[in-house]
Amino acid sequence: MKIIHAGNTGSLVRQFPGKLRVLSVYSGAVNLLHSKGLLISLVRSMDQMSALSICIPDIFSVGGIVTDSIEPGLEFELTGDMLKSERITVVPENARLFNGFLCIEEKVFLPDTHEFIRQLLLKYGKRGGLLGIIDKDTELNIFERKALTVLETLFPKDMGKLQKELPVKIRGLSELIGLGIGFTPSGDDFIAGVILGEELTGDRGHNCPLIDRDEIMGALHKTGYGGRTLLWQVLKNRFPFYMIKLADGLLTGVPDEMEKAVCRAVSHGETSGTDLLTGLIYAVLQRVKWS
Numbered sequence: 072m073k074i075i076h077a078g079n080t081g082s083l084v085r086q087f088p089g090k091l092r093v094l095s096v097y098s099g100a101v102n103l104l105h106s107k108g109l110l111i112s113l114v115r116s117m118d119q120m121s122a123l124s125i126c127i128p129d130i131f132s133v134g135g136i137v138t139d140s141i142e143p144g145l146e147f148e149l150t151g152d153m154l155k156s157e158r159i160t161v162v163p164e165n166a167r168l169f170n171g172f173l174c175i176e177e178k179v180f181l182p183d184t185h186e187f188i189r190q191l192l193l194k195y196g197k198r199g200g201l202l203g204i205i206d207k208d209t210e211l212n213i214f215e216r217k218a219l220t221v222l223e224t225l226f227p228k229d230m231g232k233l234q235k236e237l238p239v240k241i242r243g244l245s246e247l248i249g250l251g252i253g254f255t256p257s258g259d260d261f262i263a264g265v266i267l268g269e270e271l272t273g274d275r276g277h278n279c280p281l282i283d284r285d286e287i288m289g290a291l292h293k294t295g296y297g298g299r300t301l302l303w304q305v306l307k308n309r310f311p312f313y314m315i316k317l318a319d320g321l322l323t324g325v326p327d328e329m330e331k332a333v334c335r336a337v338s339h340g341e342t343s344g345t346d347l348l349t350g351l352i353y354a355v356l357q358r359v360k361w362s
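In terms of this note's numbering, the sequence shown has 160 at position 89, counting the first letter as 1, and numbering is strictly consecutive.
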């Protein structure tokens, strides 16, 4: 039995006691499936952290535990902050908690920077997901066509007027859940970006769309474990580390810092970072139209 000391630990991990099973093993992450259909992940770096992750860099080194002791199907049991299998035990001694909260304070995303960020995204973003939604000069793929069909029915052109008369909730984003391929499908990443964009405007639904999060939460069964785990956290305002770093960079308003933030984000996953930013820019574009 090997004893492993965790580095950073997600603050929501302890909410899922019980048995977990190794679902997948990668060079930088091990995903453990909980009976509630969410993933607890062991990750190599902070860039992969979420409130449902445990950062343990040492196990991913050459000849480390991942290569000789962890394989799909291996069972773990989570009790409090201790994760135990027949081969290893992970203990949180001196571990730092990662809660996934945005630190916005008084700073808010400035809508007049949206075109600059859109151009950065078109320059650095990866094709194959939903980037075409904000690109008027490209031929749309099947996922982009489906997404635009959904989005065109969700956001009334007179939303600004409606918002002044009564609270309006945007329903129907759940139609994008599970759209696309990958560990977190493009539609899931896009929705996460829309919610992040709503948070960064600072209005919390006053001059921007108030997303019906209950509707999305009720449809998480339509996607895979990766997308479900991502959206479950984001809907509770618990954002993965890479999204928080993106937000921090965009909120500076400094062109060089914003460009670095976009470049870091689009490197996340195959198209995940690109699709996230596409959702964020789309949400801000809607707000600009109604302001």
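Beta carbons: idealized from backbone N, C-alpha and C, even for Gly.
Boundaries of the alpha helix (DSSP H) around Ser257: Ser257 to Leu271. With respect to Ser257, Gly251 sits close: the two C-beta atoms are nearer than 8 angstroms. Here the region 138–146 lies against the region 157–164, with 3 or more beta-carbon pairs under 8 angstroms apart. Straight through space, the alpha carbons of Leu247 and Met120 are spaced by roughly 25 angstroms. For Cys174, there is no enclosing beta strand (DSSP E), as DSSP gives it neither H nor E. DSSP, read as helix, strand or coil, puts Thr342 in coil. For Cys126, DSSP records a beta bridge to Val114. The C-beta of Asp346 has 16 or more other C-beta atoms within 10 Å across all chains shown, which makes the residue buried. Rounded to whole angstroms, the gap between the alpha carbons of Ala354 and Leu306 is 15 angstroms. C-alpha of Asp206 to C-alpha of Gln357: approximately 15 angstroms in a straight line.
Across the set Pro88, Phe147 and Leu103, the C-alpha of Leu103 shows the shortest separation from the C-alpha of Ser95. The beta carbons of Arg309 and Gly171 sit closer together than 8 angstroms. Rounded to whole angstroms, the gap between the alpha carbons of Leu201 and Ala218 is 8 angstroms. A distance below 7 angstroms between beta-carbons, with the five flanking residues on each side excluded, links Ala290 to the following residues of its chain, in chain order: Ser245 and Ile248.
Buried is the label assigned to Thr272, since at least 16 other Cβ atoms lie within 10 Å of its Cβ. Per DSSP, Leu247 lies in no alpha helix (DSSP H) and is assigned neither H nor E.
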